[in-house]
Amino acid sequence: FDDAGFEASFPAAEAAPPPPTDAERQAYGSVFEQAACGRPTVRRAEAEPVLAKAQTSGEDVERIWSLCVAARGPSSDSPPPDELTAAEFGAALHLAAALFRGLLPGGLPSRMPPGLLPPAPQEA
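According to the numbering used here, the sequence shown holds residues -1 to 122 in order.
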């Protein structure tokens, strides 16, 4: 997979946060572990209070959640739409933090920015 082509197709007018640092990824992983309680996914009802700590509006939570689910691709082993994997939850936290810090002055992007999630698996 070539990130350069994907990044070139990302609309220049849309702001994207910088990719998460290793420290941020570790922190997001810890938050996921607490919210998921040992499960491989976190449910939306458990994730919303965490996202709210970044003063994320209900509308923005909906948009972030939709971005994460839409980025999955056509894989048949994806979790239900009301659950996020650890990587997806980390991307959601990163977008919420970017909004909180003012790094997305134009608001949330129309699709998941490159570098926040691993490439979606392709169906054979």
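We treat Cβ as the ideally placed atom computed from N, Cα and C, and that holds for glycine.
Within 10 angstroms of its Cβ, does Pro116 collect 16 or more other Cβ (buried), or is it exposed?
By the neighbour-count criterion, in which a residue is buried when 16 or more other Cβ atoms sit within 10 angstroms of its Cβ, Pro116 is exposed.
Nearest by alpha-carbon distance to Gln53: which of Pro107, Leu97 and Leu106 is it?
Of the listed residues, the one whose Cα sits closest to Gln53 is Leu97.
Identify whether Arg41 lies in helix, strand or coil by the three-state DSSP scheme.
It is a strand residue.
Does the beta-carbon of Asp75 have 16 or more other beta-carbons within 10 angstroms, so that it is buried, or is it exposed?
Exposed is the call here.
Distance, Ala84 Cα to Gln32 Cα
Using only the alpha carbons, I get a separation of about 11 Å.
Counting only the same chain and skipping the five closest in sequence on each side, list residues whose C-beta sits under 6 Å from that of Glu86.
The answer, listed in chain order, is Cys66.
Do Arg109 and Asp80 count as a contact pair if the criterion is CB distance below 8 Å?
It is not a contact, given that the beta carbons lie outside the stated cut-off.
Just how far apart, CA to CA, sit Pro18 and Val29?
Roughly 15 Å between the two C-alpha positions.
Using alpha carbons as the reference points, say which of Ala34, Pro107, Pro112 and Val59 lies closest to Glu46.
In terms of Cα proximity to Glu46, the closest of Ala34, Pro107, Pro112 and Val59 is Val59.
So the beta strand (DSSP E) Glu60 belongs to, where does it begin and stop?
Glu60 -> not in any beta strand (DSSP E); alpha helix (DSSP H) instead, spanning Gly56 to Ala68.
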